[in-house]
Amino acid sequence: MLATLDHGDTVLVPNPSYPIHIYGAVIAGAQVRSGAAGGRGGFL
């Protein structure tokens, strides 16, 4: 993520996700927003 994000960028992370998806963006200086991951019928 460090190669693609700049300080202050915003990243959309699915929820649920692995913690590294959030921490990687935070380490790069990005703001993290989460969104519900789920499809119709409960299939991800």
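Numbering-wise, UniProt numbering puts 22 at position 22 of the sequence shown, and it's gapless, one number per residue.
For every residue, glycine included, the Cβ atom is placed at its ideal position computed from N, Cα and C.
- Taking 8 Å as the upper bound for CB-CB distance, A36 and N15 are in contact here, some 6 Å apart.
- Listed in chain order, the alpha helix (DSSP H) elements of length 4 or more contained wholly in the UniProt domain "Aminotransferase class I/classII large" (2 to 34) are 19 to 27.
- S34 has its alpha-carbon roughly 6 Å from the corresponding atom of L12.
- Here A37 is not bridged, per DSSP, to any residue.
- In this structure, L2 keeps its C-beta atom at 8 Å or more from the C-beta atom of A30.
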